[in-house]
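J.: Structure provided below as structure tokens; questions to follow.
Residue numbers (the numbering used here), protein chains in the order written: chain A, 1127 to 1532; chain B, 1127 to 1532; chain C, 1127 to 1532; chain D, 1127 to 1532.
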């Protein structure tokens, strides 16, 4: 008797099998120490048809039931009965009620006044705020006293991305992160995607670390910018410093990139580069006055490609354009990422994780790094969202720029 | 004849052979395409005696001569003739004359008004400012218009650290970074150093990343704090977030540390932890009000161990104590590092590099990370200054805390 | 018309959803550029019930159809119509007909004279030979002229292992190979499994490389042997050499394991160790005559734990027990692995891959290595079969032996 | 009094400072807990002049004195008094007297009948055998009863290689193994060395693993063979198997190298390739009969480049040319390496270590691998002998072959 109380019926619809969703649903129920019974299941008879399922979930107590339903919801399950979302008021700035709903990066909607309302600015680890009948992801620190906050799972629906099984344009290597792969193949596919996006006036964002400069990638990334394959550059102080050092002195952290050897006073070159730019006013001023004549930053400025240099605790200088207030830097990163079609992350775990946190699940990400552990970590962030390539980033950019050159 | 113009005689004194200094001096001359002639050499006849050398350097032109002398200076060579340091005035805030002297982390002195003046706050990549007959390392951005800046190499003398060949307390593994080593041995030596420093009321700083929490290191690092083996904690938002998440929910990034499995809504736990602390006001408030009852941050607060949480572009939240203005964060890091005897870096490349930049060459550093490339990079920063240990940081802290427990 | 010829109906039965089998089936059909239609699907209504499916596969030509059916078969699908297996005769020693069936490590049966016959000695990359109504996996080189060889897929059925979803004894970390994990948890579970296997007089095999010695693991692995937790040791010359070097001189590759420093003539110690054993006759003789008194090899011999030292191209010596003929060494490895319950691989990619190739899919494997790329590679070999742990192997063995000590 | 007994005077001569030899000499004395006194020191006044030193070493007892002298000897020090080498007779096959002299890879000579006799076939970890007034390095297992064996250090002199400071042809990156480097520079230098060696009819050996195939390196390495830049290929079964698989089916371990995706029955392709070759008789036969038409093995056979496939415990098949008896395989490796000018190791730690063990210190080695830990390990083997490059081996071979193409 009492037992029957701790039950609920949930449904799910979509490419449940292709995307492992059903497997995860069953695993989740078992992991929560609950049981399931399949009430209805209509399998998609062909690759194009969706499947549909109804499950009865049985838990041992109410808390457990609430938990398992919450977890299933993140997989795209929904309570059959549509209930209004629960809204509570933030009691102070920058904090919310204890039972707030913390977002994933998946498409989310809330059931408000009898209608499903899509959530805007989808990103993970955010709060859903309701304002003028519009729901938006807001960072915790941006909550203001009195804001209406979505709490609990009731009236929240998540629609996971489905694996695009038949479109190999992206899913070409999703399961397998290894240095023992032919990179040429992946580079060709990424080049094709970039060309397609460019043809459609889409937006390609590059996230890059100073290793791009150290490994000799400057001429290749510069060329990609010049050719119009980069619409946004998200990076930090170090990439810009070493790019400018390289432009001024031919070195990167004091190593002569032609000879491969540390050179005279090379350790000082990056400080001289910073000082020269600070004397000029800014990177932009240095380009305008003809002091800075080549490189990644130069091409960004010449080609009106917006860039953001986020500060970090290890920065020297910094350069005038570097944003040392990280609240501002995060906001500008998020703004620049709006509407992006693909993000290519080049040897910068720090900035890549930051960007990954800001993106909705449907923006594709390519992570290139020579360290397989970094690639695994980055590509793990959103399963069907990210592919990883383990290779030398300088040689990869060379390959990519050759494939994209007219 | 003309040739004889591009010559200069330099001297050096110290443990020139034991510390590879002489080798580097000769290598530098050859690498600069100059030649040397040894005029005098008095070898230290025993391990305790110093050696002394006089070299005539011949270059092909004046610029080359200036360059090679500049490079040799960094190795501890000095012009025989003592000349006054060259000072120029900064023309604007945050920038200096083009030929400014950029510091290393080695002991430096300037010859000013006929006397050698030691430079204070020694760190790398800084400017030497003279003020009231006192010379100090200043960060580029902190230069103010009108400051007196040391330029060129004239009148600057660097005294490199010597390798402490007979004191195995520190030099126990300096040349060899490999995961194929017995960690027990290194842990025992570090424990002995920490006990010695504690006995002398010295200062031990820990630099730590969130991996300390993920790998189960919280109880061990907490214990070290409680036992008085930590005088400063330099870290970021993430370590504190996951430490508090672990204290509240027993998870780290949603993984149950007892069971090793992701748990219900675990992905949300770190956001809940942040929100709880923000609701409480601050970490300190949460400890005071009994909300936060254990863990690394708790022990820091209870035992009055100062900590700094530097913000980063990838931060969630952040916690109230996190400093998102990195100019401030860097200044507070540097202040907290003043007078430190040893720095132990635990799985945080970002913060470890930041700290490495701020330290003079004579502060010993131990870098522990499971990634040998990270250890190589960190331990490279100052040759005789840093040792690296490639191991599992959670198990390492367990080992260390067992060795240091009464 | 013609189209309808290139169709076939296949079935599958089992935990199709929990184990991702159905997902893989659909993916395979699409990847082969064929289409499917679900004719029947009965979903397992609860966790214990199995599911059953019937699919119509349509291909563009006969070759494609043959291919997709062959691939589906490896996932456990079978033609609805049972047909006799095709047997052909080997025309020469050590080679087979071109269309031979190459085995996986999954449970396999053949339909012979109207009955399903289980295949013995299941392993991957083998040939199925029929002899006296008995089917066995045979290595290519062991085929003899006239042997009856299974060819094509007809009459072959594969039954994949199902993921043991509710038995967390093993599946505790299968999806996630990272150095950022608490090892304590995994060690406790492995210890529990080992105790259970020992209690049931089961068989635990250790595969180990010399890093076990370098990282100080000798006393811990020795203890596990003494306590009866090791029934077989599969390794190479190097582990034995350095174990004996360590027992004789306290060094491993010349590094003093107590002091962590290279010692006098340490580079020579492993050669001296080999020479001493060769003078004694063998490792066994050296134990018998009291020359070798401790260590891993000593405990194996004292406790009658069989070991095999497989030779490698990089070996010094070798020790008398090392088998330099690899045909023999592979055969002895395979024999020793018969009936094993669990295999624990410790820092030896070479021997671990060798062992992985020899095991059927239902023997569980634990791979411990400090390099995540190695663990990923090893744990990849059989999805639900292997778990990987990224940690310091010396500290891991310490932890494991503490948990298993009475 | 008693003290003065435990003293000895040693000398050394050469580029003692440039090559860190003197630093190591002093370190060694201190590490052995002895003391030194410099009696004479004549420094090389210019880069071309050698230095000369005489040291009095004082130990606490005779054993210690013997030890420190032995260690110093390996650094090139010699007793001032020339004494005859001590020879003892091997009492049985494959074993030697306990106090045998174990060789390093440095140039060695013995003082026999009043003359210095150079040791032939210099390699590390060998025994010096005297036969007909000729001294040769012999592997322990090849010693025969009655052979005359060099014992102790008396009458043995080692002449270490000097760092070639002014010849940047090789020393271009010796100290710095990092993935954060521009590979183009190193590739250009290696290409230049290869061209020089080829112009002089020298001998270039390639050591390669199957990763060369997986990463798409086959066309590039094939081209280098065709162009005459490879005189010897030392590898194992796996490279040949996957090279042939790639030639037959366009896959490597079942992954289609054009599409980057696993293909139909790809897992079986390497077994089919092995079987086809075994049916043909051998790789050579398959080339002769037109079955094998491209790839690394094909080019070796067509261009008469000798290759050796050493067996390993993980091998499938093996191919007919694979030598499964490792005693034979090691001997053939060593024979093929005779007279080699440079060895280029491509992604195979196992075979590279094997080759490293067989080479004298004056044969230069280049190690290319994407894993920095592997490169560090390999490049460590002989300090001034080896350079390491951390990069993607497929892209590296592409780069190298473009630089070497006419």
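Think of the CB as a built atom: it goes at the ideal place given N, C-alpha and C, for glycine as much as any other residue.
The model shown is predicted, which means the values in this text are computed figures rather than measured ones.
Any idea if residue 1473/D is buried or exposed, counting beta-carbon neighbours within 10 angstroms, 16 or more meaning buried?
T.: By the neighbour-count rule (16 or more Cβ atoms within 10 Å), residue 1473/D is buried.
J.: Taking C-beta to C-beta, are residue 1512/A and residue 1287/A nearer than 7 Å?
T.: The answer is no: Cβ separation not under 7 Å.
J.: Would you kindly work out how many angstroms separate the C-alpha atoms of residue 1157/D and residue 1247/C, rounded to a whole number?
T.: When rounded, the distance between both Cα atoms is 56 Å.
J.: Whole angstroms is fine: what's the gap from residue 1406/C's alpha carbon to residue 1352/C's?
T.: Using only the alpha carbons, I get a separation of about 24 Å.
J.: Beta carbon of residue 1518/D, beta carbon of residue 1521/A: below 7 Å?
T.: It is a contact, given that the beta carbons lie within the stated cut-off.
J.: Name the two residues that bound the continuous beta strand (DSSP E) containing residue 1137/C.
T.: Taken as a continuous stretch (DSSP letters only), the beta strand (DSSP E) holding residue 1137/C covers 1133-1140.
J.: Determine the extent of the alpha helix (DSSP H) in which residue 1470/D is found, giving its start and end residues.
T.: Unbroken run through residue 1470/D is the beta strand (DSSP E), 1468-1472; no alpha helix (DSSP H).
J.: From the DSSP output, which residues share a beta bridge with residue 1412/D?
T.: Per DSSP, none; premise fails for residue 1412/D.
J.: Can you give me, in chain order, the residues of the stretch 1273-1286 of chain D that have a beta carbon less than 8 Å from any beta carbon in chain C?
T.: Residues: none.
J.: Closer than 7 Å, Cβ to any Cβ of chain D: which residues of the stretch 1130-1155 of chain B, in chain order?
T.: Here the close residues are 1143, 1144, 1146, 1148, 1149, 1152 and 1153.
J.: If we define contact as Cβ-Cβ less than 7 Å, is residue 1180/D a contact residue for chain B?
T.: Residue 1180/D does not count as touching chain B.
J.: Does the structure place the stretch 1322-1333 of chain B close enough to the stretch 1364-1371 of chain B that three or more beta carbon pairs sit under 8 Å?
T.: Touching, no.
J.: Considering only C-alpha positions, which residue in the set 1270/D, 1231/D and 1239/D is nearest to residue 1216/D?
T.: When only C-alpha atoms are compared, the closest one is 1270/D.
J.: How do the stretch 1303-1313 of chain D and the stretch 1338-1350 of chain D stand: do at least 3 beta-carbon pairs fall below 8 Å, yes or no?
T.: Segments in contact, no.
J.: Does any C-beta atom of chain C lie closer than 7 Å to the C-beta of residue 1523/A?
T.: Judged by the 7 Å Cβ criterion, residue 1523/A is not in contact with chain C.
J.: Does the pairing of the stretch 1449-1462 of chain B with the stretch 1450-1465 of chain A give three or more beta-carbon distances under 8 Å?
T.: With the cut-off at 8 Å, the stretch 1449-1462 of chain B and the stretch 1450-1465 of chain A touch.
J.: Any chance you could list the beta strand (DSSP E) runs of at least 3 consecutive residues sitting entirely within the stretch 1447-1492 of chain A, in chain order?
T.: Listed in chain order, the complete beta strand (DSSP E) runs (minimum 3 residues) inside the stretch 1447-1492 of chain A are 1468-1472.
J.: Going by Cα to Cα distance, which pick from 1278/A, 1320/A, 1150/A and 1358/A is closest to residue 1481/A?
T.: Cα-wise, what sits closest to residue 1481/A is 1358/A.
J.: With DSSP as the reference, label residue 1378/D as helix, strand or coil.
T.: DSSP places residue 1378/D in strand when its eight states are reduced to three.
J.: Can you have a look at residue 1206/B and say buried or exposed, based on whether 16 or more other CB atoms are within 10 angstroms of its CB?
T.: With fewer than 16 Cβ atoms within 10 Å of its Cβ, residue 1206/B is classed as exposed.
J.: If you run the structure through DSSP and keep just helix, strand and coil, what is residue 1277/B?
T.: Looking at residue 1277/B - three-state DSSP - the assignment turns out to be strand.
J.: Within the chosen definition, does the stretch 1459-1472 of chain C reach the stretch 1394-1413 of chain C through at least 3 CB pairs nearer than 8 Å?
T.: Because the criterion of three Cβ pairs below 8 Å is not met, the stretch 1459-1472 of chain C and the stretch 1394-1413 of chain C do not touch.
J.: Using a Cβ cut-off of 9 Å, pull out every chain B residue sitting near residue 1476/C, in sequence order please.
T.: Near residue 1476/C there are no residues of chain B at all, since even the closest Cβ is about 15 Å away, more than 9 Å.
J.: Spatial neighbours of residue 1371/D within its chain, please: CB distance less than 7 Å, with the 5 preceding and 5 following residues excluded, ordered by chain position.
T.: Closer than 7 Å at the Cβ level, and outside the excluded window around residue 1371/D, lie 1377, 1378, 1395, 1396 and 1399.
J.: Touch check for the stretch 1135-1143 of chain B and the stretch 1195-1205 of chain B: three-plus C-beta pairs under 8 Å?
T.: Yes, the stretch 1135-1143 of chain B is in contact with the stretch 1195-1205 of chain B.
J.: Could you check if residue 1528/D is buried or exposed, using at least 16 other CB atoms within 10 Å of its CB as the buried criterion?
T.: Burial call: exposed.
J.: I want to verify the contact list: residues of chain B whose CB lies under 7 Å from the CB of residue 1171/D, in sequence order.
T.: Those are 1163 and 1164, listed as they occur along chain B.
J.: Could you name the residues of chain A that residue 1307/D contacts, counting a contact when the two beta carbons are closer than 8 Å?
T.: Within chain A, the residues near residue 1307/D are 1340, 1341, 1381 and 1386.
J.: DSSP has residue 1332/A in a bridge; who is on the other side?
T.: Per DSSP, 1359/A and 1470/A.
J.: Closest to residue 1282/C by C-alpha separation, out of 1223/C, 1266/C and 1208/C, would be which residue?
T.: The option with the nearest alpha carbon to residue 1282/C is 1208/C.
J.: With a cut-off of 7 Å, does the C-beta of residue 1515/D fall near any C-beta of chain A?
T.: Not an interface residue.
J.: Mind checking residue 1503/C: buried by the 16 CB within 10 Å criterion, or exposed?
T.: Flag for residue 1503/C reads buried.
J.: Where do the N-terminal and C-terminal ends of the beta strand (DSSP E) with residue 1440/C fall, by residue?
T.: Where residue 1440/C is concerned, there is no enclosing beta strand (DSSP E), given that its DSSP letter is neither H nor E.
J.: Report buried or exposed for residue 1360/B, applying the criterion of at least 16 other Cβ atoms within 10 angstroms of its Cβ.
T.: Its Cβ being crowded by 16 or more others within 10 Å, residue 1360/B is buried.
J.: Drop a sphere of 10 angstroms on the beta-carbon of residue 1444/B, count the other beta-carbons inside from all chains shown, and report buried for 16 or more, exposed for fewer.
T.: Label assigned to residue 1444/B: buried.
J.: Pick helix, strand or coil for residue 1263/D, following the three-state DSSP scheme.
T.: Of the three classes helix, strand and coil, the one that applies to residue 1263/D here is strand, per DSSP.
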